[in-house]
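Here's the structure, in C-alpha cells; my notes come after.
Protein chains: 2
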Amino acid sequence: MQTPDQPYLDLTLSLGHSWIRLERILDSNLSNVRGISFGEYRILRTLAVAPGKKLSRVDLAAAVALSPSGVTRALLPLEKIKVVQTERSERDARLALAVLTPAGSKMVKDSSRVVEDVVRSLVGGSGTGKPTVASLLKALA
Amino acid sequence: MQTPDQPYLDLTLSLGHSWIRLERILDSNLSNVRGISFGEYRILRTLAVAPGKKLSRVDLAAAVALSPSGVTRALLPLEKIKVVQTERSERDARLALAVLTPAGSKMVKDSSRVVEDVVRSLVGGSGTGKPTVASLLKALA
DNA sequence: GAGAGATACTTGATCGCGCAAGCTTTATCC
DNA sequence: GGATAAAGCTTGCGCGATCAAGTATCTCTC
Numbered sequence: 336m337q338t339p340d341q342p343y344l345d346l347t348l349s350l351g352h353s354w355i356r357l358e359r360i361l362d363s364n365l366s367n368v369r370g371i372s373f374g375e376y377r378i379l380r381t382l383a384v385a386p387g388k389k390l391s392r393v394d395l396a397a398a399v400a401l402s403p404s405g406v407t408r409a410l411l412p413l414e415k416i417k418v419v420q421t422e423r424s425e426r427d428a429r430l431a432l433a434v435l436t437p438a439g440s441k442m443v444k445d446s447s448r449v450v451e452d453v454v455r456s457l458v459g460g461s462g463t464g465k466p467t468v469a470s471l472l473k474a475l476a
Numbered sequence: 336m337q338t339p340d341q342p343y344l345d346l347t348l349s350l351g352h353s354w355i356r357l358e359r360i361l362d363s364n365l366s367n368v369r370g371i372s373f374g375e376y377r378i379l380r381t382l383a384v385a386p387g388k389k390l391s392r393v394d395l396a397a398a399v400a401l402s403p404s405g406v407t408r409a410l411l412p413l414e415k416i417k418v419v420q421t422e423r424s425e426r427d428a429r430l431a432l433a434v435l436t437p438a439g440s441k442m443v444k445d446s447s448r449v450v451e452d453v454v455r456s457l458v459g460g461s462g463t464g465k466p467t468v469a470s471l472l473k474a475l476a
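So the sequences go chain by chain: V and A.
Mapping of the first sequence onto the working numbering: residues 336 to 476, in sequence order.
Mapping of the second sequence onto the working numbering: residues 336 to 476, in sequence order.
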C-alpha cells in the first residue's frame, strides 16, 4: 500500500532525473572545451549526418525536437561562429537551408569525441560490459 | 569508417531525443489536465515523499537537479495555488521550508495517475511485457 | 565571545525556448 | 488562372532557469 505500484511513473522520474544530470555535465564540458552548448551540438550533429550537410529550418526543428522559432534563434550564434551558414533554395524561395561549414564539421568531430569520452568515463572506465542504456542510467542514478 | 564507432555518443543522443519528446508530452498533458508543468510536478512529488512532506530550498534543489534560485522562483506560483506553503525553521532562521499542503498531496496523487496513464499508453496499452527503460525508449524512438 | 568563513536564501541580469501572430511564397481547387 | 489554403520562416511576448552578487544567519576557531 505504501508503494502505489506505478511502474511507468518511477521509470519516467528516474529517467528524467538522470537525463537532466547528464545534460548538465555534457553542457559544461562541451562549453568549456569547445565553446558550444549541448543543444547546439545536437543541431550541428544533425546537420552533419544530413544529406549534403544541409537542412531546412523545419526539418532541423523536427530532427532535434525543437520548435521552428527555437531553431531560427539557435542558428544565429552558430552562424556568427562560422560553423553554420544559411543558403536560400532556388526551388522554393521560402526555404532557408542551414548548411554546415567545414569548420562546423570539425567542430562536430571534436565535440563528439568530448561527449563520447565524458560519458564513457561516467559509466566507469573499465570495460565492464557493453554500453547499454541501463548501464548509462545506473551510472547517473 | 563511415560509422565512427562511438557507442556512448549514440546512446546519449537517442536518450536525449527520447527524453525531450517525452517531457513535452507529459508537460502538455499535465498542464491541460491539472494546470501544472512537469517540472512543477517533479517538485511536488519530491516533497510528497520527503519526511514530513517538507524540505528546505537547497535540499529540494538538489533532489530535483535544479539551482536554488530556480527552486525559489518555481515555488512562487505553487504557493499561489496553495499546494505548497513556506514555513520558517525554528532551529535555523536561514531555512525556508517548503511544505506540501493537503491540496498539494491530492495534486500529486492525481498528477501521478496522469503521468502513469500517459506513459503506459505511449509504450503501448497491451501488456506486452514488463515496464523497462528499454521499452519506454523504444516507444519514443 | 568575537571575528572569519560557510551556509541558506533571494534578487538582478540574461539566456533559451515555446506559442501566437504575421509575412512571404507555394500548392490546391474551382 | 485566380482565389483560398497551406507551408516556411521570423518576430513579439512571456516563462522558466541559470549565474553572480547581496543579505542574513550560523559555525568554527582562537
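For each residue, glycine too, the CB sits at the ideal point set by N, CA and C.
Quick caveat, the model's predicted, so the values are computed rather than measured.
C-beta atoms of residue i and residue j nearer than 9 Å
| i | j | result |
| --- | --- | --- |
| residue 407 of chain V | residue 450 of chain A | no |
| residue 361 of chain A | residue 382 of chain A | no |
| residue 431 of chain A | residue 391 of chain A | yes |
| residue 356 of chain A | residue 475 of chain A | yes |
| residue 478 of chain A | residue 398 of chain A | Only positions 336 to 476 of chain A appear in this structure, which leaves residue 478 of chain A out of reach. |
| residue 468 of chain A | residue 350 of chain V | yes |
Whole-Å CB distance - residue i paired with residue j, under 8 Å assumed
| i | j | result |
| --- | --- | --- |
| residue 453 of chain V | residue 471 of chain V | 12 Å between Cβ atoms; not a contact. |
| residue 343 of chain A | residue 443 of chain V | Incorrect: roughly 16 Å between the Cβ atoms, too far for contact. |
| residue 400 of chain A | residue 352 of chain V | 6 Å |
Proximity to residue i [Cα-Cα], best of the options
| i | options | result |
| --- | --- | --- |
| residue 340 of chain A | V:457, V:476, V:447 | V:447 |
| residue 366 of chain A | A:445, A:459, A:473, A:457 | A:445 |
| residue 434 of chain V | V:352, V:363, V:380 | V:380 |
| residue 369 of chain A | A:426, A:416, A:421 | A:416 |
| residue 388 of chain A | A:358, A:458, A:364, A:420 | A:420 |
| residue 414 of chain A | A:427, A:371, A:456, A:386 | A:371 |
| residue 316 of chain V | V:441, V:440, V:429 | Here chain V covers residues 336 to 476 and nothing more, so residue 316 of chain V does not appear. |
Assigned exposure category for residue i - 16 Cβ within 10 Å defines buried
| i | result |
| --- | --- |
| residue 375 of chain V | buried |
| residue 336 of chain A | Because the pLDDT at residue 336 of chain A is just 48, under 50, the model does not fix this residue reliably, and the value given afterwards should be weighed accordingly. The residue is exposed, with fewer than 16 neighbouring Cβ atoms inside 10 Å. |
| residue 363 of chain A | exposed |
| residue 425 of chain A | exposed |
| residue 422 of chain A | exposed |
Residue i beta carbon near the ligand ATP (any heavy atom closer than 8 Å)
| i | result |
| --- | --- |
| residue 443 of chain A | As presented, the structure is devoid of all ligands, the ligand ATP included, so that no description of it is given. |
Open item on the list: As an exercise, report each continuous beta strand (DSSP E) stretch of at least 3 residues that is fully enclosed by the region 377-460 of chain A, in chain order.
Closed with: 389-391, 419-423, 431-435
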